[in-house]
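In this note's numbering, the protein residues as written are 1 to 193. Glycine included, each C-beta is placed from N, C-alpha and C at the ideal position. Small disclaimer: the values here were computed from a predicted structure and weren't measured.
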């Protein structure tokens with residue numbers, strides 16, 4: 001049985017709970033609900049829970065360090081479980097994807113995302129798997145207020161469908177590997193037919 005750490009990025013506390021920047025936390029909460037588990041144990045400077053899928057043990061990690069220091073929590077978990085970077089999946093919000101789009105990616109830069117930047121700095125590497133949840137760009141050009149703004153009600157209604165699509169992509173990746181899952185899924189927008 002392989003173990004994977006699925007680290008969902010976000011900021012702790014009720015102020016940030018429904019912000020676009022918390023897409024990673026929202027994803028893990030949805031996954032935990034679907035798998036009938038909870039992310040409540042305090043460890044690795046975060047909250048953790050466990051699940052399994054197709055013979056894989058899944059460690060669900062929500063760093064509680066605030067976004068800019070997420071790498072500390074992720075590094076602690078990887079070291080504790082003695083896992084290679086290939087068994088880390090980071091779930092995060094993505095400005096460069098429209099709302100409703102979810103994409104898998106292996107490696108790449110941080111694109112200005114401070115949570116990814118922190119993880120790369122802590123690990124000294126960037127070749128981990130990402131599940132990117134599109135939040136779209138601000139129509140007014142104010143990135144900070146956009147990512148830290150609450151998801152509007154009309155988008156919130158659609159969120160379960162998007163997160164469920166992401167969960168299916170994650171499971172497919174665990175079944176068939178990153179390359180095949182990317183080729184089968186990376187042109188999907190879960191808000192389109």
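Backbone secondary structure at residue i - three-state DSSP
| i | result |
| --- | --- |
| residue 41 | strand |
| residue 99 | coil |
| residue 2 | coil |
| residue 194 | Outside the shown range of the chain, which is 1 to 193, sits residue 194, and nothing can be said about it. |
| residue 56 | strand |
| residue 121 | helix |
| residue 62 | strand |
| residue 89 | strand |
| residue 186 | coil |
| residue 68 | helix |
| residue 15 | coil |
Minimum C-alpha distance to residue i - residue among the options
| i | options | result |
| --- | --- | --- |
| residue 127 | 89, 136, 154, 13 | 89 |
| residue 107 | 91, 98, 95 | 91 |
| residue 47 | 53, 39, 54 | 39 |
| residue 2 | 121, 136, 82, 157 | 82 |
| residue 124 | 84, 28, 37 | 84 |
| residue 117 | 131, 78, 70 | 70 |
| residue 58 | 42, 64, 187, 87 | 87 |
Inter-residue CB distance, residue i and residue j (contact presumed, cutoff 8 Å)
| i | j | result |
| --- | --- | --- |
| residue 44 | residue 61 | 6 Å |
| residue 147 | residue 20 | 5 Å |
| residue 114 | residue 150 | Not confirmed; about 19 Å, so no contact. |
Cβ shell of residue i (< 6 Å), same chain only, five flanking positions each side left out
| i | result |
| --- | --- |
| residue 74 | 7, 119 |
| residue 24 | 8, 9, 10, 91, 92 |
| residue 181 | 104, 172, 173 |
| residue 16 | 22 |
According to DSSP, residues forming a beta bridge with residue i
| i | result |
| --- | --- |
| residue 105 | 130 |
| residue 50 | 59 |
| residue 8 | 91 |
Chain-order list of residues whose beta-carbon lies under 7 Å from that of residue i (same chain, five-residue window excluded)
| i | result |
| --- | --- |
| residue 167 | 30, 31, 34 |
| residue 190 | 100, 102, 161, 162, 165 |
| residue 110 | 116, 117, 120 |
Close Cβ partners of residue i (< 8 Å) along its chain, the five nearest in sequence each way excluded
| i | result |
| --- | --- |
| residue 66 | 11, 12 |
| residue 56 | 1, 2, 3, 4, 174 |
| residue 171 | 53, 54 |
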